[in-house]
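Chemist: Have a look at this one before I ask anything.
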Amino acid sequence: MPLRPEWMSLMKTMLNGAEEARALTCSRPSFFLILDGGLDSGMEDKVLAFDTSSRREWIYSDTEYWQQERDGPLLIQAKPESALLSAMLHDWAELHWGGILQSDEHFTVVLQHLRMLRHARMPDGNLALLRAHEPRALRGLVEDLSDDEQDCLLGPIQSWIWCEWNEGRGDWYRLARQSGISAPPAAAPFVLTESVIRALDAQRVDYSYRGWVRRLRNERIPALDALDDDHLSQAVNIQVSHAVTLGFVNDEDLWAYLNLFFHHPRRLHDPDNVLTHLLNATDQPAWRRLMQINDLLAKETA
-12 MPLRPEWMSL MKTMLNGAEE ARALTCSRPS FFLILDGGLD SGMEDKVLAF
38 DTSSRREWIY SDTEYWQQER DGPLLIQAKP ESALLSAMLH DWAELHWGGI
88 LQSDEHFTVV LQHLRMLRHA RMPDGNLALL RAHEPRALRG LVEDLSDDEQ
138 DCLLGPIQSW IWCEWNEGRG DWYRLARQSG ISAPPAAAPF VLTESVIRAL
188 DAQRVDYSYR GWVRRLRNER IPALDALDDD HLSQAVNIQV SHAVTLGFVN
238 DEDLWAYLNL FFHHPRRLHD PDNVLTHLLN ATDQPAWRRL MQINDLLAKE
288 TA
């Protein structure tokens, strides 16, 4: 699944793995980590196991969310070539805890900016909680931003590095300011346009499809060797659309359908095949149909 052309620019870049992310991070003397405490109740203890001296603060402290501050993001001023950075790049990458922020500004300046980013202004004018640090959504958030919007999002941050982990593999990305000159902290919530919201929705779908493509690769189905990931993703898209018409809705059932289809495409293209009859019995719940099919296949191979 090729990235859109803007990810080949200087401002939006796909990196060549964790070591390039390390090299870029350590190329500047000052950087920060942003970690989501809501994903692990012991987040601060895990940080302290590697680093007890670096400054850290919960971003939601001194805001209206102060009582839930530990369910929000934690900002840490980190050191180059530290054990904490290594944990972020390797051990924690698959956990989607956050990212790396490069900035030469003081800790309080970066903290002030991130506190303002806790909200987004929606197209209808209302405010919504914004989790800009979520690695599984960040690519979608920034993909359709103009250069000016991107610089507004970054503010005093020169670049933002994160890992989008999916089915055993991490893709590293970097978002950088159009100019090397930092801007002051945001003075108002970030504005989410309709196009950015559509991009976020597309990112959610793309993330699922990437995961399913990688899981299908792990199944080592010989017939799929002739397809590159882009064409396989298109095939997945077609089959997901068809599966939804048959009542397969949640991700677990959709994956079970895809796994079944790509293992037995000829049988499921035959309208008279027993597998096809079972699959099309929409008067039965999806999970029950899958269970019946799996029982039948188990008997056939016994």
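With the working numbering, the residue at position 279 of the sequence shown is 266, and numbering never jumps. The beta-carbon is built from N, C-alpha and C at its ideal position, and this holds for glycine as well.
1. What residue does the beta strand (DSSP E) around aspartate 23 start on, and which one ends it?
2. Give a yes or no on contact between the stretch 136 to 145 and the stretch 170 to 179, applying the rule of three or more CB pairs nearer than 8 Å.
3. Am I right that leucine 11 and arginine 161 are in contact with their C-beta atoms under 8 Å? What's the rounded C-beta distance?
4. Within the same chain, show all residues whose beta-carbon is closer than 7 Å to that of glutamine 99, passing over the 5 residues directly before and after it, in chain order.
5. Determine the DSSP secondary structure at threonine 288, reduced to helix, strand or coil.
6. Would you kindly work out how many angstroms separate the C-alpha atoms of leucine 233 and leucine 255, rounded to a whole number?
7. Looking at the unbroken beta strand (DSSP E) that takes in threonine 290, where does it start and where does it end?
8. For the candidate residues Ala186, Leu187, Gln54 and Ala222, whose alpha-carbon lies nearest to that of leucine 203?
9. Report the rounded CA-to-CA distance for isoleucine 225 versus arginine 253, giving the unit in angstroms.
10. Between alanine 119 and the rest of its own chain, which residues show a CB-CB distance below 6 Å, the 5 nearest in sequence each way excluded?
11. Of all the CB atoms in chain D, is at least one closer than 8 Å to the CB of arginine 43?
12. Looking at C-alpha atoms only, which residue of Glu287, Phe249 and Phe235 is the closest neighbour of threonine 269?
13. Would you kindly report the start and end of the unbroken beta strand (DSSP E) that includes histidine 160?
14. Three-state secondary structure (DSSP) at phenylalanine 37?
15. Report the start-end ranges of each alpha helix (DSSP H) in the stretch 123 to 149 that is 4 residues or longer and not cut off at the edges.
16. Give every residue of the same chain whose Cβ lies closer than 6 Å to the Cβ of tryptophan -6, excluding the five residues on either side of it in the sequence, and list them in chain order.
17. Can you name, in chain order, every residue of its own chain whose Cβ lies under 6 Å from the Cβ of aspartate 134, other than the five neighbours on each side?
Modeler: Short version:
1. Along the sequence shown, read from residue 1 onward, the residue named residue 23 stands at position 36. That run of the beta strand (DSSP E) goes 18 to 23.
2. yes
3. On the sequence shown, residue 11 is found 24 positions in, with the first residue counted as 1. On the sequence shown, residue 161 is found 174 positions in, with the first residue counted as 1. Yes, they are in contact, since the Cβ atoms of leucine 11 and arginine 161 sit about 7 Å apart, within 8 Å.
4. The sequence position of residue 99 within the sequence shown is 112, counting from 1. Result list for glutamine 99: Pro172, in chain order.
5. Translated into positions along the sequence shown, residue 288 becomes position 301. Helix at threonine 288.
6. On the sequence shown, position 246 is the one that residue 233 refers to. On the sequence shown, position 268 is the one that residue 255 refers to. Spanning the two alpha carbons is a distance of roughly 13 Å.
7. What the structure shows of the chain is the stretch from -12 to 289, and residue 290 is not part of that stretch, so it cannot be assessed.
8. Within the sequence shown, residue 203 is the residue found at index 216, counting from 1. Residue Ala222 is the option with its Cα nearest to leucine 203.
9. Numbered from 1 along the sequence shown, position 238 holds the residue referred to as residue 225. Numbered from 1 along the sequence shown, position 266 holds the residue referred to as residue 253. Near 16 Å, if we compare the C-alpha coordinates of arginine 253 and isoleucine 225.
10. Counting from one through the sequence shown, the residue named residue 119 turns up at place 132. Once the five neighbours on either side are set aside, the close Cβ partners of alanine 119 are Leu104.
11. Included in the structure is just one protein chain, with no chain D present.
12. Position 282 of the sequence shown, counted from the start, is the residue given in the question as residue 269. With distances taken between Cα atoms, threonine 269 lies closest to Phe235.
13. For the purposes of this step, residue 160 is identified with residue 173 of the sequence shown, where counting begins at 1. One detail in the question is off: residue 160 reads as tyrosine in this sequence, not histidine. First-last of the beta strand (DSSP E) with tyrosine 160: 156 to 163.
14. The count along the sequence shown starts at 1 and reaches residue 37 at position 50. Coil.
15. 134 to 141
16. Residue mapping note: residue -6 aligns to position 7 of the sequence shown, counting from 1. Low per-residue confidence applies at tryptophan -6: pLDDT is 49, beneath 50, and the placement is therefore not dependable, though the value from the model is reported in the following sentence. Hits under 6 Å: Met1.
17. Residue mapping note: residue 134 aligns to position 147 of the sequence shown, counting from 1. Counting only Cβ-Cβ distances below 6 Å, and skipping sequence neighbours, we find Gln165.
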